[in-house]
Amino acid sequence: IIQPPEAAILAVGRITEKVVARNGEMVIRPMMTLTLSIDHRVLDGALGAQFLQTVKNYIEDPVNLT
Numbered sequence: 004i005i006q007p008p009e010a011a012i013l014a015v016g017r018i019t020e021k022v023v024a025r026n027g028e029m030v031i032r033p034m035m036t037l038t039l040s041i042d043h044r045v046l047d048g049a050l051g052a053q054f055l056q057t058v059k060n061y062i063e064d065p066v067n068l069t
């Protein structure tokens, strides 16, 4: 539940190893969850999705942080 004056809450899960398909093969990769809850009266959901995509890109390729 988002309480005023908060506009959003970002929940970051721990990193765990998961089996995923990559290039037709099953491989073990580190995976984590990110969950963003936003108050749509304050922020547009599309902006929240863009924010999560940006965070994902930085986590997957931290060299781009500079």
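Whatever position you read off the sequence shown (first residue = 1), add 3 for our numbering.
Don't be surprised by glycine CBs; every beta carbon is placed ideally from N, CA and C.
Judged by DSSP secondary structure, T57 falls within the alpha helix (DSSP H) whose first and last residues are 48-63.
The three-state secondary structure of V45, taken from DSSP, is coil. Annotation: E28 to L55 spans about 27 Å, alpha carbon to alpha carbon. Contact between M35 and I18 holds: their C-beta atoms lie close to 5 Å from each other, under 8 Å. Counting every other CB atom within 10 Å of its CB across the protein chains shown gives I31 a total below 16, marking it as exposed. I41 counts as buried, since at least 16 other C-beta atoms from the protein chains shown sit within 10 angstroms of its C-beta.
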